[in-house]
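Going left to right, the sequence shown walks through residues -16 to -1, 1 to 121 as mature numbering (1 follows the signal peptide of the UniProt record, and there is no 0) numbers them. Report on the following structure.
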Amino acid sequence: MKSFVVFCVLVAGAFAANVSLPPKQNEKANQIATECMKESGLKPEVLAEAKKGHISDDEHLKKFTFCFFKKAGIVSEDGKLNTEVALAKLPPGVDKAEAEKLLETCKGKTGKDVTDTVFEIFKCYHHGTKTHILLGF
């Protein structure tokens, strides 16, 4: 279950390298995504747009992001990023040194509440990375 990077890098950018999750990891990510869509009330079309790189400040997307990261064990209940766990969940093909530098930068982001803070961390990582993971959900 390499969920942090899985969700953070849903979309491939113009200069991005694309990597795929192994089937078991993708299955777990899909399970978490399904649970969090129900819990957050996120509309499938909003998630589809996010996967295309159109990340809106939709409150349901923010709740989904927090739910996904929390269930993956990447953030705590209070929104603190566990960089070590995030790095341990990186799939093959992701530069861990580059990811670590970016995570250290992004973990300092804050928002108006825990959900917003986690969303800010997500956006920071998403915009800063060149390695994107392709998902089946």
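Every residue, glycine too, gets a C-beta built ideally from N, C-alpha and C.
Nearest-angstrom Cα distance between residue i and residue j?
{"i": "residue 123", "j": "His44", "result": "The question about residue 123 has no answer, for the chain in this structure spans -16 to 121."}
{"i": "Thr89", "j": "Pro7", "result": "30 Å"}
{"i": "Ser40", "j": "Lys96", "result": "16 Å"}
{"i": "Phe106", "j": "Thr49", "result": "8 Å"}
{"i": "Ala(-1)", "j": "Lys54", "result": "Residue confidence for Ala(-1) is low, a pLDDT of 48 falling below 50, so the modelled location carries little weight and cannot support an answer."}
{"i": "Ser4", "j": "Lys35", "result": "14 Å"}
{"i": "Leu74", "j": "Thr18", "result": "21 Å"}
{"i": "Lys64", "j": "Thr115", "result": "23 Å"}
{"i": "Asp42", "j": "Glu23", "result": "15 Å"}
{"i": "Thr113", "j": "Asp62", "result": "25 Å"}
Would you call residue i buried or exposed, if buried means 16 or more other Cβ atoms sit within 10 Å of its Cβ?
{"i": "Ile38", "result": "It is worth fixing the name first, because residue 38 is His in this sequence and not Ile. Result: exposed."}
{"i": "Ala32", "result": "exposed"}
{"i": "Ala13", "result": "buried"}
{"i": "Thr101", "result": "buried"}
{"i": "Ala70", "result": "buried"}
{"i": "His111", "result": "exposed"}
Once the 5 residues before and after residue i are set aside, which same chain residues still bring their CB inside 6 Å of it?
{"i": "Cys108", "result": "Cys90 and Lys93"}
{"i": "Phe103", "result": "Lys46 and Thr49"}
Taking 7 Å as the cut-off, is the CB of residue i close to at least one heavy atom of the ligand COA?
{"i": "Glu29", "result": "With respect to the ligand COA, the structure shown offers nothing to examine, as it has no ligands at all."}
Can you list, in chain order, the residues of its chain whose CB lies under 7 Å from that of residue i, leaving out five sequence neighbours each side?
{"i": "Thr99", "result": "Lys46, Lys47 and Phe50"}
Under a CB-based cut-off of 8 Å, is residue i close to chain B?
{"i": "Leu45", "result": "The chain labelled as chain B is not found in the depicted structure, where only one protein chain is given."}
For residue i, which residues in the same chain have their Cβ closer than 8 Å to its Cβ, ignoring the five residues on either side in sequence?
{"i": "Glu84", "result": "Thr67 and Leu71"}
{"i": "Ser60", "result": "Lys54 and Asn66"}
{"i": "Leu87", "result": "Leu65, Thr67, Ala70, Leu71 and Tyr109"}
Checklist entry - If you pair each beta-carbon of the stretch 25 to 38 with each one of the stretch 69 to 79, do three or more pairs fall below 8 Å? => result no
Item to check | Segments assigned alpha helix (DSSP H), at least 4 residues, entirely inside the stretch 54 to 94 | outcome: If we require 4 residues or more, the alpha helix (DSSP H) runs fully inside the stretch 54 to 94 come out as 67 to 72 and 80 to 90.
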